[in-house]
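In the working numbering, the protein residues as written are 965 to 1453.
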């Protein structure tokens, strides 16, 4: 099979999986979940099989359809998209294993629907990762929003549906009101929207107009959760925990920061964009989001809401790194996409496991829980230390590179932001860890419990191990990023 064939197969496999899950769900849960796991494994095998060709310098392409002359639905493999696709496809396997334990252990309704829309969201994610132009990116960006809405609204009660509407409303309003006009402006100014090394806007959009266009893209891509278009993310915490993991680690927010980074590199052109004074606001917007979201997280008492605001802050590390404009920081951005995915999915897996086993959701209820759920809280501890940036976790590596890039450019705003947010991360994570391991469990008549079902524990243990292993083995990600930097320099 050629690399080009693998591109359309990456889009087709999750769609076929969704149909298979629908049919298998009529027979029984074991077959349904087997189809899910087989589909996830096949997608990962297919996507990861593209890496050798990419590393050898190939850039496979595939055009699905020409809508009108100059506007195509087309796909192309490049280093940044390959990183995103490999990460999402690999974590779908782990998330599927976790979902079996969580959905069964929590006796969730409509489980077949859950697995169907999860597969559809992965199809949209692959389209975003491999999009070769702005039009294709927009189509699959919207498809991801629509396919994840039923997952957010899964429980179906009034509060959940209202929160899901906030999720859908903010993401559609920002994309249609800002992102789509920005794409149309780009096509009219540049004569196209193809992702091109070095960008396509130099000499086409200059001065204050360039800064305005940048703002339309950054805030139009609401999934990047740059304040003030971040409220959809805490609202979506009404979803089942596997969906929260999808939102925070596997697809949705990663699609946001991936899209922002890809547009900066391939549409604006890094040198062109940041040689224009009107683009300087991006650094300050990212710094503001990091610090303020961390302060808001510090005040939360619900575990999932704390993790949601932590994600808002952590995402803007990628935006901040892009704005630093130094090779070390750009490498740090790519490493942080992966490190955050491993660490944050571990934290959400742990939060969900705690809920399944004990129905506890508030920080005040977690005292002493480490003694009842040692595997879960060990994984939580590793994920939290990665968010703080403590070795030997992947979060330390990404912060090291971003901070090194900031020192290289004498960017004191970035330096202060990273240090301040690290302190704030420690301020809201370390008390949870301490209370869980050394606190006295409240005698409140709660049910006796141990660990969550074994598939959930297996998944969170695996992702915690990945968080540490990524500290030691991050060379392939660095090599992919160097290919990207070499292409755009």
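Yeah, the Cβ is synthetic: ideal placement off N, Cα and C, and Gly gets one too.
Residue i vs residue j beta-carbon contact at 9 Å
| i | j | result |
| --- | --- | --- |
| residue 971 | residue 1104 | no |
| residue 1180 | residue 1142 | yes |
| residue 1366 | residue 1297 | yes |
| residue 1215 | residue 1127 | no |
| residue 1416 | residue 1318 | yes |
| residue 1428 | residue 1343 | yes |
| residue 1078 | residue 993 | no |
| residue 1271 | residue 1208 | yes |
| residue 1249 | residue 1341 | no |
| residue 1139 | residue 1111 | no |
| residue 1251 | residue 1377 | yes |
| residue 1239 | residue 1158 | no |
| residue 967 | residue 1041 | yes |
| residue 1267 | residue 1396 | yes |
| residue 1083 | residue 982 | yes |
| residue 1372 | residue 1308 | no |
| residue 1430 | residue 1306 | yes |
| residue 1299 | residue 1441 | yes |
Own chain residues within Cβ distance below 7 Å of residue i, not counting five before or after
| i | result |
| --- | --- |
| residue 1384 | 1255 |
| residue 1169 | 1153, 1177 |
| residue 1404 | 1331, 1332 |
| residue 1146 | 1177, 1180, 1181, 1184 |
| residue 1166 | 1233, 1236 |
| residue 1274 | 1261, 1351 |
| residue 1005 | 1057 |
| residue 1225 | 1044, 1282, 1286, 1297 |
| residue 922 | No statement about residue 922 is possible, as the shown extent of the chain runs from 965 to 1453 and does not include it. |
Contact set for residue i: own chain, Cβ-Cβ below 8 Å, skip 5 residues either direction
| i | result |
| --- | --- |
| residue 1223 | 1092, 1101, 1105, 1185, 1187, 1188 |
Sequence-distant residues of the same chain with beta carbon closer than 6 Å to residue i, five excluded per side
| i | result |
| --- | --- |
| residue 1409 | Confidence at residue 1409 is low in this model, with a pLDDT of 49, below 50, so the placement of that residue is unreliable and no value is reported for it. |
| residue 1379 | 1370 |
| residue 984 | 999 |
| residue 1420 | 1062, 1065, 1066, 1317 |
| residue 1227 | 1181 |
| residue 1116 | 1128, 1131, 1200, 1203 |
| residue 1107 | 1088 |
| residue 1028 | 1037 |
| residue 1053 | 1007, 1008, 1011 |
| residue 1324 | 1318 |
| residue 1039 | 971, 1026, 1094, 1096 |
| residue 980 | none |
| residue 1035 | 1099 |
| residue 1353 | 1359, 1360, 1363, 1386 |
Assigned exposure category for residue i - 16 Cβ within 10 Å defines buried
| i | result |
| --- | --- |
| residue 1023 | exposed |
| residue 1051 | buried |
| residue 1221 | buried |
| residue 1071 | exposed |
| residue 978 | buried |
| residue 1073 | exposed |
| residue 1172 | exposed |
| residue 1329 | buried |
| residue 1243 | buried |
| residue 1355 | exposed |
| residue 1444 | buried |
| residue 1335 | exposed |
| residue 1326 | exposed |
| residue 1009 | exposed |
| residue 1114 | buried |
| residue 1387 | exposed |
| residue 1133 | exposed |
| residue 1269 | buried |
| residue 1075 | buried |
| residue 996 | buried |
| residue 1193 | buried |
| residue 1294 | buried |
| residue 1020 | exposed |
| residue 1303 | buried |
| residue 1393 | buried |
| residue 1217 | buried |
Identity of the residues DSSP links to residue i by a beta bridge
| i | result |
| --- | --- |
| residue 953 | Outside the modelled stretch of the chain, which goes from 965 to 1453, sits residue 953, for which no answer is possible. |
| residue 1030 | 1036 |
| residue 1095 | 1039 |
| residue 1326 | 1266 |
| residue 1025 | 1040 |
| residue 1158 | 1097 |
Inter-stretch contact (C-beta, 8 Å, three-pair minimum) for the segment 1353 to 1362 and the segment 1246 to 1262: They do not touch, by the three-pair rule.
Is it true that the segment 1044 to 1061 meets the segment 999 to 1014, where meeting means three or more beta-carbon pairs spaced less than 8 Å apart? Flag = yes, the segment 1044 to 1061 and the segment 999 to 1014 touch.
Taking three-plus beta-carbon pairs below 8 Å as touching, is the segment 1009 to 1024 in contact with the segment 969 to 989? Two segments are said to touch when three or more pairs of C-beta atoms, one from each, lie closer than 8 Å; by this definition the segment 1009 to 1024 touches the segment 969 to 989.
The segment 1429 to 1438 in contact with the segment 1270 to 1288 per 3-pair CB rule at 8 Å: For the pair of segments examined, the segment 1429 to 1438 was found not to touch the segment 1270 to 1288: the number of CB pairs separated by less than 8 Å stays below three.
Validate contact between the segment 979 to 994 and the segment 1018 to 1037 using beta carbons, cut 8 Å, 3 pairs: The segment 979 to 994 and the segment 1018 to 1037 do not touch, with fewer than 3 CB-CB distances between them shorter than 8 Å.
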